[in-house]
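Below: the structure, in structure tokens.
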Amino acid sequence: MNETYLIQQVIKAIKGLYQHDILEKNVQISKTRKEFSGDYTLVVFPLLSISKKSPESTANDIGEYLKNNYSALESFNIVKGFLNLSLKSEFWIEKLKLFNSLNDNLSSANNKVLIEFSSPNTNKPLHLGHIRNNLIGHSVSEILKKAGNEVVRVNLINDRGIHICKSMLAWQKWGNGETPASSSLKGDHLIGKYYVLFDVELKNEIADLVSKGNSDEFAKNNTSLMKEAQEMLQKWERGDIEIISLWKKMNSWVYEGFEQTYNALGISFDKIYYESETYLLGKNIVAEGLKKGIVEKKTDNSIWVNLTDDGLDEKLLLRADGTSVYITQDLGTAIMRYNEYKPNKMIYVVGNEQNYHFQVLKLVLKKLGNEFSDSIQHLSYGMVELPDGKMKSREGTVVDADNLIDEMIDTARQISVELGKLDGFSDDEKNQIYKAIGLSALKYYILKVDPKKNMTFNPKESIDFNGNTGPFIQYTYVRINSILRKANDSNIEYKKVDNNYDLNEKELELIKLLNQYQLVINEAASSLSPAIIANYTYELAKEFNQFYHDFSILNAENETIVKFRLLLISFYKNVLKDAMSLLGIEMPERM
RNA sequence: GGUUCCGUAGCUCAGUUGGAUAGAGCAACAGCCUUCUAAGCUGUGGGUCCCGCGUUCGAAUCGCGGCGGAAUCACCA
């Protein structure tokens with residue numbers, strides 16, 4: 000809690016009472032817990048060595064001092080070593096007024112931040128893990144922007160490498176010219192089908208070799224299919240016209256498919272990099288490193304970097320046949336990006352299974368003389384697991400992104416129809432609302448969990464639409480909206496508020512919570528965590544619903560109260576919408 | 001085996017730089033629609049915060065040691 004104005008008052012009090020200077024960070028002020036009365040609580044224990052008095056009398060000294068010297072203070076009370084301070088209504092009403100200018104009082108970090116997320120392979124459709132990546136990336140971008148940073152969103156498409164050759168080869172061998180049009184399969188799903196087929200056929204071949212008396216080890220390393228795939232990769236790197244044109248054709252199918260999924264999720268990028276366009280730079284960088292003697296060539300011509308001095312291992316940078324590996328292109332991409340944008344910070348949204356990779360990447364970049372290496376931050380997020388463990392494509396347990404999105408929207412439709420809330424809307428309007436609700440359930444479900452933690456998704460239990468969920472928050476918004484619409488229809492003017500307004504307890508709670516928004520944004524931005532925003536929106540919604548239940552707004556006791564409450568809830572509406580937009584979640588006007 | 005991360009209610013998760021009697025949702029049970037949208041509100045039950053030791057006025061939070069789980073240590077990406 001950085002309520003600076005209060006902290007300054009306490010510092011003054013300590014100085015006045017005990018002639019002692021104290022640092023801001025040593026003043027512990029927090030929100031007062033619900034079971035006690037007060038707005039803020041000062042923990043006096045750390046101050047005892049200065050006051051040389053008991054906790055109670057120290058708290059009393061400070062309380063009295065503030066009472067006499069700080070005009071905003073209404074009253075105080077002391078429980079054990081805790082000094083609870085209540086501020087005057089006027090103080091909170093002034094705070095509330097600041098929400099008239101919601102968007103222009105943000106801390107401006109003025110940093111340029113480049114953030115990479117999504118980064119799909121072009122050999123299979125997106126799944127639930129990718130959804131988490133995309134949602135986190137998009138949301139963190141929005142949060143950083145809100146906190147005053149310039150944000151560049153980039154996607155790095157992994158469009159080359161042995162895995163792409165596998166699906167190309169399988170399609171060439173067994174595809175019979177199948178296309179998305181001919182099969183009415185989404186392009187990325189079509190390619191995925193052949194990637195799986197390759198794996199199946201590869202297993203068959205290995206089994207065949209083993210049955211002919213070869214060892215498992217030998218069989219694995221000597222399949223004709225793998226050899227063909229490797230030859231294809233070499234041809235690709237040499238620019239073989241036939242292979243390149245096949246590659247372009249198949250990739251274009253995948254991009255069309257991805258585009259649909261990105262659109263459904265509401266995600267976009269400022270810049271898309273393709274590994275096929277950056278990996279050569281990576282190779283050059285490795286070659287330079289070789290000249291400088293930073294990396295070394297082994298007898299089989301493969302190139303390695305030795306990181307044993309840094310507690311890590313040796314790492315391959317180029318294969319013996321000269322083709323590049325994952326980290327090769329990542330080196331090139333990082334340098335290219337840095338030179339292009341000169342950001343203060345580069346964030347990579349990549350799963351925690353690649354923690355080691357990023358350790359290596361930063362080290363190698365540094366060794367090669369790139370000081371910006373220190374500005375790279377790996378936003379390492381946890382895996383999405385199923386109740387019995389990891390998703391495995393071989394076992395067909397992968398939760399497909401497109402299917403899941405469709406299911407969520409369909410569930411939203413079913414619930415809405417059951418409740419009969421959208422009777423009288425056009426089909427277009429209805430579909431738009433179903434989509435907003437279904438996606439909010441999905442997005443909120445994923446984003447409310449701390450990114451760095453693994454999370455469990457149970458496909459058998461559908462994602463909830465009640466309780467701590469996206470639709471609940473949307474519903475709250477819609478309720479507010481409905482009241483404001485009625486107020487508008489009756490031409491009630493509620494933009495002004497009198498400082499003498501007598502706040503009731505719940506109204507005060509609502510203002511205090513609203514007042515935290517700025518802090519919450521800053522915290523979410525510094526910890527790169529959409530979960531902080533999500534949990535805050537839930538608090539907002541819960542508080543409002545209690546208020547809504549306990550107090551009438553349009554039929555309040557008198558006009559002053561009606562107007563005040565309308566103003567208050569209109570700020571709730573704005574903040575709810577604003578906060579949810581940071582999660583990439585749209586708010587329907589009715590539902 | 002080395003390194004990193006994690007362990008909070010039956011389940012899914014919160015718990016802000018160490019602060020007061022550890023919180024929500026789901027699931028279960030019991031109430032609340034003639035009144036601003038019941039996708040809501042209220043209540044009941046549910047805990048060895050993995051275990052132990054330490055630091056501290058104070059530990060779910062920090063340190064050390066265990067136990068349990070995950071990831072990684074690829075000429076996959």
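Numbering that gives the first Met the number 0 puts the first residue of the first sequence at 0, with every later residue one more than the last.
Even glycine gets a Cβ: it sits at the ideal position worked out from N, Cα and C.
CB of residue i within 8 Å of CB of residue j, strictly
i	j	result
residue 453	residue 382	yes
residue 533	residue 446	yes
residue 49	residue 62	no
residue 327	residue 288	no
residue 502	residue 542	no
residue 85	residue 36	yes
residue 340	residue 113	yes
residue 223	residue 204	yes
residue 362	residue 309	yes
residue 442	residue 584	yes
residue 92	residue 496	yes
residue 349	residue 269	no
residue 285	residue 316	yes
residue 565	residue 493	yes
residue 47	residue 54	yes
residue 385	residue 450	no
residue 131	residue 380	yes
residue 482	residue 590	no
residue 225	residue 208	no
residue 455	residue 500	no
residue 468	residue 444	yes
Secondary structure of residue i, DSSP reduced to three states
i	result
residue 480	helix
residue 51	coil
residue 335	helix
residue 0	For residue 0, the pLDDT reaches just 37, beneath the cut-off of 50, and the residue's location in the model is therefore unreliable, leaving the point undetermined.
residue 443	helix
residue 9	helix
residue 281	helix
residue 679	One cannot answer for residue 679 here, as it falls past the ends of the chain, which runs 0 to 590.
residue 19	coil
residue 463	coil
residue 455	strand
residue 293	coil
residue 143	helix
residue 121	coil
residue 26	coil
residue 104	Reliability fails at residue 104, whose pLDDT of 48 lies under 50, so the model's placement of it is uncertain and the value that follows must be treated cautiously. DSSP places residue 104 in coil when its eight states are reduced to three.
residue 85	strand
residue 590	coil
residue 190	helix
residue 152	strand
Inter-residue Cα distance where the pair is residue i and residue j
i	j	result
residue 366	residue 330	12 Å
residue 377	residue 488	51 Å
residue 1	residue 275	Bear in mind that the predicted position of residue 1 carries a pLDDT of just 47, short of 50, making it unreliable; the figure below should be weighed with that in mind. C-alpha separation (whole angstroms): 48 Å.
residue 161	residue 221	16 Å
residue 438	residue 143	22 Å
residue 524	residue 397	31 Å
residue 104	residue 516	At residue 104 the pLDDT is 48, less than 50, meaning the model places this residue with poor confidence; the figure from the coordinates comes in the next sentence. Going from the Cα of residue 104 to the Cα of residue 516 covers about 11 Å.
residue 73	residue 82	13 Å
residue 266	residue 561	40 Å
residue 175	residue 246	16 Å
residue 59	residue 11	15 Å
residue 13	residue 28	14 Å
residue 243	residue 251	12 Å
residue 440	residue 177	36 Å
residue 210	residue 197	20 Å
residue 52	residue 18	14 Å
residue 504	residue 89	14 Å
residue 128	residue 391	11 Å
residue 30	residue 507	13 Å
Whole-Å CB distance - residue i paired with residue j, under 8 Å assumed
i	j	result
residue 194	residue 122	5 Å
residue 94	residue 514	5 Å
residue 476	residue 576	6 Å
residue 168	residue 228	5 Å
residue 294	residue 186	With a Cβ gap of about 39 Å, residue 294 and residue 186 do not count as contacting.
residue 214	residue 157	That belief does not hold up - the Cβ atoms of residue 214 and residue 157 are roughly 33 Å apart, past 8 Å.
residue 408	residue 369	Not confirmed; about 45 Å, so no contact.
Cβ contact (3+ pairs, closer than 8 Å) linking the region 257-274 and the region 394-407: Yes: the two stretches touch, three or more of their Cβ pairs being nearer than 8 Å.
Three CB pairs or more closer than 8 Å across the region 134-146 and the region 413-420: no
Counting pairs of Cβ atoms below 8 Å between the region 174-193 and the region 117-136, do you hit three or more? yes
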